[in-house]
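Per the working numbering, residue 171 is the first one in the sequence shown, and the count goes up by one each step.
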Amino acid sequence: MIGVYSGHYLCVITVVTRLIGFFKKLMGSGIDKPAKQESPAKSPEKSTHEHGANTRKHPRERHQGQDRNQGRDHDRQGQEQQRSRNNRNQRGPQKSEHADKPAAKIDKPAQPKAEKNHVPKRPAKIDHGPWDISQFPVEEIEGKTRFHDFDLELPLMRGIAELGFKYCSPIQAQSLPHALQGKDVVGKAQTGTGKTAAFLTAIIDDLLKNPIAEKRYAGEARALIIAPTRELVIQIADDAKALCKFTDLKIHTLVGGMDYTKQQRHLHEDLVDILVATPGRLLDFCGNKDVYLDQLEILVIDEADRMLDMGFIPQVRQIVRQTPKREDRQTLFFSATFTDDVHNLVQQWTYKPITVEIEPESVANARVEQHVYLVSTEEKYTLLYNLIQQEHAESMIVFANRRDECRDLHEKLLRHGIKAGLLSGEITQNKRVSTLDAFKNGDIKVLVATDVAGRGIHISGISHVVNFTLPEEPEDYVHRIGRTGRAGKTGTSISFACEDDALRLAPIEELLGKPIKCEQPPEPLLLAPPDLPPAPPRSRNGNERYTNRSVGNRPGGNRNRRPRH
171 MIGVYSGHYL CVITVVTRLI GFFKKLMGSG IDKPAKQESP AKSPEKSTHE
221 HGANTRKHPR ERHQGQDRNQ GRDHDRQGQE QQRSRNNRNQ RGPQKSEHAD
271 KPAAKIDKPA QPKAEKNHVP KRPAKIDHGP WDISQFPVEE IEGKTRFHDF
321 DLELPLMRGI AELGFKYCSP IQAQSLPHAL QGKDVVGKAQ TGTGKTAAFL
371 TAIIDDLLKN PIAEKRYAGE ARALIIAPTR ELVIQIADDA KALCKFTDLK
421 IHTLVGGMDY TKQQRHLHED LVDILVATPG RLLDFCGNKD VYLDQLEILV
471 IDEADRMLDM GFIPQVRQIV RQTPKREDRQ TLFFSATFTD DVHNLVQQWT
521 YKPITVEIEP ESVANARVEQ HVYLVSTEEK YTLLYNLIQQ EHAESMIVFA
571 NRRDECRDLH EKLLRHGIKA GLLSGEITQN KRVSTLDAFK NGDIKVLVAT
621 DVAGRGIHIS GISHVVNFTL PEEPEDYVHR IGRTGRAGKT GTSISFACED
671 DALRLAPIEE LLGKPIKCEQ PPEPLLLAPP DLPPAPPRSR NGNERYTNRS
721 VGNRPGGNRN RRPRH
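Given below as structure tokens:
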């Protein structure tokens, strides 16, 4: 019996085995093979190696032992102070430019819209037509330095020619020879001396002479300029765009009070050659991984003393920590005054800097005619109204110490039919930009501003500056009247001094080093203005149009608001 069962069992096993073989042939023998896998993405190390581990030379090294016109030296191995781009590949797929292979997966939380952060190729350079340096003749004059005297790139020289710059200002003539060699420069110069054009010329020339052939990532800046105010950032960016008109360099601005998403989209859509930003908004973008500073080549800190006064230095420290070491970047540091705190910042952030000091002939601009009118508080607006009506008052900035003073002045001027604009910290950034543009174009004759907002105004052709109230800090008086008498032109400063302003005159005179002549205003300036028409009805929230709504424009902007119970 046992033999019979064993025989049946063997027969069953044989049949089952043949059936399995039959089905294997029928299905193409696919049971024994694993499913076909897609080609794995290149590892970060392999990707970097295949692209050549292309490191950038420090700006100082670019000019040692070689002709500046030879461009970037491609033999970069064995240098101790070179920076590798390997760590860029650890940022995740949202910053990858490799279109042929999917990026390697990184264990990081997914970023919103990460798939759209691929960097497009730099657009083809616009053909502006032929141009030669012979089309920009500038006569050599003893004691003056021409931009021709530097070996600047031709597209940059064409931009300089179009702007009408022929001879360098003192800060430009003394700083450019060092900055163009990649050395750190510390410049002491007041606003209106041409320092913006000095550091922009050095940056643009260096970026043009040393193009990057390797692929780059969105938000990765080559040069960074930090400035204390939104207006100054926009002004610097406008100057940079004018100088870069005949190049393909891309300039981006990051300022608070404007749409975060729009600025973010611009960063993702195009390369970042020159980034101009205020400290707070820049930290927002760095924290959200929209801006990377680890490959920065040139760092510019403008108006360091002002940033110190405004409490921005802790934020600037956080920014500097994200950049390469001071030995591995070029730093250009500018300040109007140098206190012990500013000197400490220079020691921390610069490497063997060249110091350039431009001492003004006088603390205040010598081209500005200064007047102080002794008036009562009630007579101030009458005096202002009549000053505006004078023919030689072509454009005017009126400074007051408080926002509510500026707001009341602005409303009165509008009710009297005067084209006036308001510039203060409570005005939304979009409105501030449009107001400045209207003032530049002549659509607005009078601009009412606070000190913080007015510090960043760099507009030539302002005929008058009026101090409706004398500033509490003497240095602010110098900055205020410096808004006029720019670019070689003359200007007029008129200050109203009432009983409350009397104590502020002595510190100002001490700073200027000379007394200020106080006088009674001419009788025609005290004629009563027309009666004010009725004020227009206000909205339910009287300050609604002055409220800065920028907080909610960026991700997480309202995260600190407590829920109402």
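Think of the CB as a built atom: it goes at the ideal place given N, C-alpha and C, for glycine as much as any other residue.
A quick note: this is a predicted structure, and the numbers were derived from the prediction, not measured.
Reference residue i; option with closest CA among the options
i      : options                           : result
Gln488 : Cys456, Phe508, Ile404 and Lys420 : Cys456
Ser345 : Pro523, Pro706, Leu640 and Ala383 : Pro523
Gln465 : Phe504, Gly389, Gln433 and His422 : Gly389
Leu394 : Tyr387, Ile406, Ala331 and Arg386 : Ile406
Leu469 : Ile678, Asp479, Pro644 and Gly352 : Gly352
Gln485 : Arg451, Ser505 and Tyr462         : Arg451
Gln492 : Leu515, Gly481 and Val461         : Val461
Leu592 : Glu548, Gly612, His586 and Ile567 : Ile567
Glu539 : Val308, Tyr387, Ser665 and Glu310 : Ser665
Ile341 : His634, Glu561, Val542 and Thr525 : Thr525
Leu377 : Tyr337, Ala359 and Ala349         : Ala349
Gln690 : Thr423, Leu579 and His541         : His541
Glu581 : Ala397, Asp409 and Val616         : Val616
Thr366 : Glu643, Ile471 and Asn458         : Ile471
Cross-strand partners of residue i (DSSP beta bridge)
i      : result
Ala391 : Val442
Gln518 : According to DSSP, which records beta bridges pairwise, Gln518 is partnered with nothing at all.
Lys358 : Ser505 and Glu527
Met327 : None, per the DSSP bridge assignment.
Gly591 : Leu617
Val538 : Gly661
Gln342 : Answer is none; Gln342 lacks a bridge partner.
Gln500 : Ile468
Tyr430 : Bridge partners of Tyr430: none, in fact.
Tyr337 : Arg316
Residue i (DSSP reduced to helix, strand or coil)
i      : result
Cys576 : helix
His348 : helix
Gln560 : coil
Leu544 : strand
Gly200 : Low per-residue confidence applies at Gly200: pLDDT is 42, beneath 50, and the placement is therefore not dependable, though the value from the model is reported in the following sentence. Looking at Gly200 - three-state DSSP - the assignment turns out to be coil, as it is neither helix nor strand.
Thr660 : coil
Lys365 : helix
His634 : strand
Phe792 : Coverage of the chain is limited to positions 171 through 735, which leaves residue 792 absent and any answer about it impossible.
Val568 : strand
Pro263 : For Pro263, the pLDDT reaches just 34, beneath the cut-off of 50, and the residue's location in the model is therefore unreliable, leaving the point undetermined.
Gln405 : helix
Thr605 : helix
Ile421 : strand
Phe455 : helix
Leu466 : coil
Gln492 : coil
His436 : helix
Ile374 : helix
Glu549 : helix
Gln690 : coil
Gly450 : helix
Ala667 : strand
Leu673 : helix
Ile651 : helix
Ile396 : strand
Ile311 : coil
Glu645 : helix
Distance between residue j and residue i (C-alpha atoms, nearest Å)
i      : j      : result
Asn380 : Ile632 : 39 Å
Phe508 : Leu502 : 15 Å
Gly426 : Arg650 : 23 Å
Ala474 : Val512 : 7 Å
Leu544 : Val636 : 13 Å
Lys495 : Gly595 : 35 Å
Asp454 : Lys432 : 14 Å
Glu467 : Ile444 : 10 Å
Gly299 : Arg577 : 49 Å
Ser604 : Leu402 : 15 Å
Ser630 : Pro706 : 34 Å
Gly683 : Ala676 : 10 Å
Leu696 : Glu549 : 7 Å
Ile421 : Ala698 : 50 Å
Pro347 : Asp321 : 10 Å
Anticipated Cβ contact below 8 Å, residue i with residue j, distance rounded
i      : j      : result
Ala570 : Val618 : 7 Å
Asp354 : Gln518 : At roughly 12 Å, the Cβ-Cβ gap does not stay under 8 Å, so Asp354 and Gln518 are not in contact.
Arg573 : Thr639 : Their Cβ separation, rounded to whole angstroms, is 12 Å, which puts Arg573 and Thr639 out of contact at 8 Å.
Leu419 : Ile374 : 7 Å
Ala391 : Leu463 : 6 Å
Leu324 : Ile303 : 7 Å
Leu441 : Arg386 : 6 Å
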